[in-house]
Amino acid sequence: GENVEQHPSTLSVQEGDSAVIKCTYSDSASNYFPWYKQELGKRPQLIIDIRSNVGEKKDQRIAVTLNKTAKHFSLHITETQPEDSAVYFCAASDSNYQLIWGAGTKLIIKP
Amino acid sequence: ETGVTQTPRHLVMGMTNKKSLKCEQHLGHNAMYWYKQSAKKPLELMFVYSLEERVENNSVPSRFSPECPNSSHLFLHLHTLQPEDSALYLCASSQLGQGFYGYTFGSGTRLTVV
Chain A
1 GENVEQHPST LSVQEGDSAV IKCTYSDSAS NYFPWYKQEL GKRPQLIIDI
51 RSNVGEKKDQ RIAVTLNKTA KHFSLHITET QPEDSAVYFC AASDSNYQLI
101 WGAGTKLIIK P
Chain B
1001 ETGVTQTPRH LVMGMTNKKS LKCEQHLGHN AMYWYKQSAK KPLELMFVYS
1051 LEERVENNSV PSRFSPECPN SSHLFLHLHT LQPEDSALYL CASSQLGQGF
1101 YGYTFGSGTR LTVV
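Residue numbers (this note's numbering), protein chains in the order written: chain A, 1 to 111; chain B, 1001 to 1114.
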């Protein structure tokens, strides 16, 4: 079955700098890759997603890239702000629409 | 109310108690999920219901018993729990098929077993 690995487990960046979180997946049939943000004490919320027919997608300061050949996808956050501090989860959807999750990355924005 | 609603938000129960967690989705989705979130396993899938039929049971102990009476409601019945069952229990829903855009989560129930 599908396996998703996420790195790093913790990422600390200076406010204003960029942050990159990377995930790899094992099932070449996976075709949907969402990213979720979970702030402390709150629910995971979808922030951006990408499908396998697209290589890159942007939404303001957030972007996701997908490399199907290498089977990895990444979340890029530019001009980081204190409100970006959270745990970020990547996921890949298998043929049954079940999301397989990465272990999460705790992003810390230093003032 | 829109989205996915979970009640109660917090629950403290003894190991001999019986309690139930409730989840309701107002999105017209056709699948619902229970997840356990703890420090050791950030997002651990417990049960999946698709069109009110259970399609996944990830080796969850029998002290957890799910119920899905219709496509909008999901329950998790708890009995004789252990302290290690203390965690955040998240409900989620999704629309399987062409309209799939991941899951929408509820705010969770923070469960403490004493």
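The beta-carbon is built from N, C-alpha and C at its ideal position, and this holds for glycine as well.
Closest residue to residue i among the options (Cα-Cα distance)
| i | options | result |
| --- | --- | --- |
| V1060/B | N1070/B, F1075/B, S1072/B and Y1035/B | Y1035/B |
| E83/A | L11/A, T69/A and E15/A | E15/A |
| T1016/B | F1105/B, T1104/B and P1083/B | P1083/B |
| S1050/B | L107/A, Y97/A, K106/A and Q60/A | Y97/A |
| A1092/B | S1062/B, L1045/B, T1080/B and L1078/B | L1045/B |
| I100/A | S85/A, S12/A, C23/A and S52/A | C23/A |
| N53/A | T10/A, S28/A, L46/A and D59/A | S28/A |
| T169/A | Q6/A, I77/A, S26/A and R61/A | The requested residue 169/A does not occur in the structure, where chain A is confined to residues 1 to 111. |
| T1080/B | R1054/B, T1112/B and E1056/B | T1112/B |
| E1052/B | N1058/B, Q1025/B and F1064/B | Q1025/B |
Beta-carbon neighbours of residue i, restricted to chain B and to distances below 8 Å
| i | result |
| --- | --- |
| F89/A | P1042 and L1043 |
| A103/A | P1042 |
| S93/A | F1100 and G1102 |
| Y97/A | A1031, S1094, L1096, G1097 and F1100 |
Residue i to residue j span [Cα, whole Å]
| i | j | result |
| --- | --- | --- |
| S93/A | S30/A | 5 Å |
| V1012/B | A103/A | 27 Å |
| V1048/B | P1066/B | 9 Å |
| F73/A | Y1101/B | 17 Å |
| L1021/B | R1009/B | 9 Å |
| S9/A | L40/A | 16 Å |
| G1003/B | L1027/B | 6 Å |
| R1110/B | S95/A | 32 Å |
| S1094/B | N1057/B | 17 Å |
| D1085/B | L1076/B | 13 Å |
Burial state of residue i, where buried means 16 or more other Cβ atoms lie within 10 Å
| i | result |
| --- | --- |
| T80/A | buried |
| K1041/B | exposed |
| H1029/B | buried |
| L1078/B | buried |
| G1097/B | exposed |
| E1087/B | The amino acid at residue 1087/B is misidentified as Glu; the sequence shows Ala. Per the 10 Å Cβ criterion, buried. |
| G1/A | exposed |
| G1106/B | buried |
Per-residue contacts from residue i into chain A (C-beta, under 8 Å)
| i | result |
| --- | --- |
| G1106/B | R43 |
CB-CB length for residue i against residue j, believed under 8 Å
| i | j | result |
| --- | --- | --- |
| Y36/A | P44/A | 4 Å |
Chain B contact residues for residue i, given Cβ-Cβ distances below 9 Å
| i | result |
| --- | --- |
| G16/A | What G16/A touches in chain B: nothing, since even the nearest Cβ is about 28 Å away. |
| G34/A | The sequence given here places Pro at residue 34/A; Gly does not occur at that position. Within 9 Å Cβ-Cβ: Y1101, G1102 and Y1103. |
| D49/A | Y1101 and G1102 |
| L66/A | Neighbours of L66/A on chain B: none; closest Cβ ~15 Å, over 9 Å. |
Chain-ordered neighbours of residue i on chain A, where CB pairs are closer than 7 Å
| i | result |
| --- | --- |
| V1113/B | The contacting residues do not exist; V1113/B stays about 20 Å from chain A at best. |
Contacts that residue i makes with chain B (C-beta to C-beta distance below 7 Å)
| i | result |
| --- | --- |
| L46/A | G1102 |
Partner residues on chain A for residue i, Cβ-Cβ distance less than 9 Å
| i | result |
| --- | --- |
| V1060/B | Residues of chain A passing the Cβ test: none, with the nearest at roughly 16 Å. |
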